[in-house]
Structure formats: C-alpha cells, structure tokens
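Q: My questions all concern the structure below.
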Amino acid sequence: MSDSQRFPVAAHSLAYLAHKGAYSPAEAAPSAVLAASVPTNPVVVRRVTALLAKAGLIATRPGASGGAWLLRRPEDIRLDEVLKAVNGCAHLGSTPKGAKGCPVSEHIPRQVAKALTAADQAAAQALSKITIADLLAENPPSLVGFEMHKSCPVAA
Numbered sequence: 001m002s003d004s005q006r007f008p009v010a011a012h013s014l015a016y017l018a019h020k021g022a023y024s025p026a027e028a029a030p031s032a033v034l035a036a037s038v039p040t041n042p043v044v045v046r047r048v049t050a051l052l053a054k055a056g057l058i059a060t061r062p063g064a065s066g067g068a069w070l071l072r073r074p075e076d077i078r079l080d081e082v083l084k085a086v087n088g089c090a091h092l093g094s095t096p097k098g099a100k101g102c103p104v105s106e107h108i109p110r111q112v113a114k115a116l117t118a119a120d121q122a123a124a125q126a127l128s129k130i131t132i133a134d135l136l137a138e139n140p141p142s143l144v145g146f147e148m149h150k151s152c153p154v155a156a
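Mapping of the sequence shown onto the UniProt record's numbering: position 105 corresponds to residue 105, and the numbering continues sequentially without gaps.
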C-alpha cells in the first residue's frame with residue numbers, strides 16, 4: 001500500500017468502527033468488513049489497524065473471530081493523531097538529491113525539505129481541529145467553509 005493511502009484508510013476504518021459502535025471485543029469489526037467499506041483488500045486494513053493499535057487508538061484480536069474496536073470515543077480522536085499513527089505526512093513529495101557541483105542543485109534540496117516540513121506542520125495543525133466524530137457528522141463546525149479537494153474522487 002502506498003504511503004498516501006494509509007491515512008484515508010485509517011480515518012475511514014476509525015469512522016466505520018465509530019458508526020458501528022465497536023467499543024469492545026464483542027463488537028469488533030473484522031478486517032474483511034472494514035475492507036468492504038473502504039473498499040480495499042483486507043490485508044491493507046490489517047496493516048493499517050496494526051499501526052492504529054500500536055498508537056493506542058484501537059485494539060485488535062486476530063483469528064476467525066477477530067477484528068478491531070475503538071479504545072477511545074470518536075470525538076476524542078483527532079485526525080493529526082491518526083496521521084501520526086500511520087506515519088503519514090502531507091505527501092507533497094520528496095526532494096531529489098541534486099547534482100554534485102551545481103550550486104543550485106546543492107542548495108535547493110535543503111530548502112525544499114524545509115518547505116515540505118512547513119507544509120506538513122500546517123497540515124497537522126489543521127487536522128488537529130478535526131475528529132473522527134466530525135467525519136461522521138453532516139456539517140461539523142471543523143469543516144464548515146471547506147469544499148472537497150478537486151483531485152479527490154467521491155462516490156456518487
């Protein structure tokens with residue numbers, strides 16, 4: 001799975017668990033069910049849920065009767081935490097190494113890396129104001145005034 005897909009899969013999975021009220025092992029959602037909701041492969045979901053469990057956002061149980069459930073209420077899970085849990089970033093790209101001997105090429109990668117850091121910090125700050133509960137709400141205050149990003153496909 002590409003790095004750029006971990007965050008959307010994680011946010012979707014957490015929202016699904018909240019929607020279904022999965023707060024205990026008895027209410028656990030299997031990876032196949034989560035995967036059908038995303039939609040993606042159950043292996044992708046298991047990789048993401050392992051990261052979410054490591055971060056303490058969910059718990060998981062392996063096996064035929066396994067699945068995942070939330071350890072915190074959706075209003076207490078901020079999207080910056082989710083991004084950090086899946087080792088995500090703003091995904092604006094990475095800087096090329098540059099050519100030796102070229103004064104521009106030797107300087108620009110450092111500056112572009114700093115710019116990417118600034119963008120990543122801004123993204124984390126914006127995401128810190130949005131919760132999993134907001135993703136499930138029709139018009140949450142945290143998302144008022146924002147339009148869908150033009151490059152993001154949305155199911156009809």
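All C-beta atoms, glycine included, are put in the ideal place defined by N, C-alpha and C.
How should Gly-21 be labelled, buried or exposed, when 16 other C-beta atoms within 10 angstroms of its C-beta is the threshold for buried?
A: Start at 1 with the first residue of the sequence shown, and residue 21 comes out as number 21. Gly-21 is exposed by the Cβ-count criterion.
Q: For a test of the three-state rule: what should DSSP assign to Arg-72, helix, strand or coil?
A: Sequence index remark: in the sequence shown, residue 72 carries index 72 (1-based). DSSP places Arg-72 in coil when its eight states are reduced to three.
Q: Just the C-alpha distance for Leu-17 and Ala-29, rounded to the nearest angstrom, thanks.
A: Residue mapping note: residue 17 aligns to position 17 of the sequence shown, counting from 1. Residue mapping note: residue 29 aligns to position 29 of the sequence shown, counting from 1. If you take the alpha carbons of Leu-17 and Ala-29, they lie about 7 Å apart.
Q: When the Cα atoms are used, what is the spatial distance from Gly-88 to Phe-7?
A: What you label residue 88 is simply residue 88 of the sequence shown in a count that begins at 1. What you label residue 7 is simply residue 7 of the sequence shown in a count that begins at 1. Computed Cα separation, rounded: 7 Å.
Q: Is the beta carbon of Lys-84 closer than 9 Å to that of Ala-55?
A: The residue labelled residue 55 in the question sits at position 55 within the sequence shown. The residue labelled residue 84 in the question sits at position 84 within the sequence shown. Yes, these two residues count as a Cβ contact at 9 Å.
Q: For Ile-132, report the span of its alpha helix (DSSP H) as first-last.
A: Position 132 of the sequence shown, counted from the first residue, corresponds to residue 132. That run of the alpha helix (DSSP H) goes 132-136.
Q: What's the gap between the Cα of Val-104 and the Cα of Ala-118?
A: As a working note, residue 104 is residue 104 in the sequence shown. As a working note, residue 118 is residue 118 in the sequence shown. The alpha-carbon atoms of Val-104 and Ala-118 are separated by roughly 21 Å.
Q: Taking the DSSP output, what are the residues bridged to Ile-58?
A: Here residue 58 refers to the residue found at position 58 of the sequence shown. Leu-70, per the DSSP bridge assignment.
Q: For the ligand NAD, any of its heavy atoms closer than 8 Å to the Cβ of Phe-7?
A: The ligand NAD is absent from the structure shown, which contains no ligands of any kind.
Q: Is Ala-29 helix, strand or coil when you go by DSSP?
A: Counting from 1 along the sequence shown, the entry for residue 29 is found at position 29. Strand at Ala-29.
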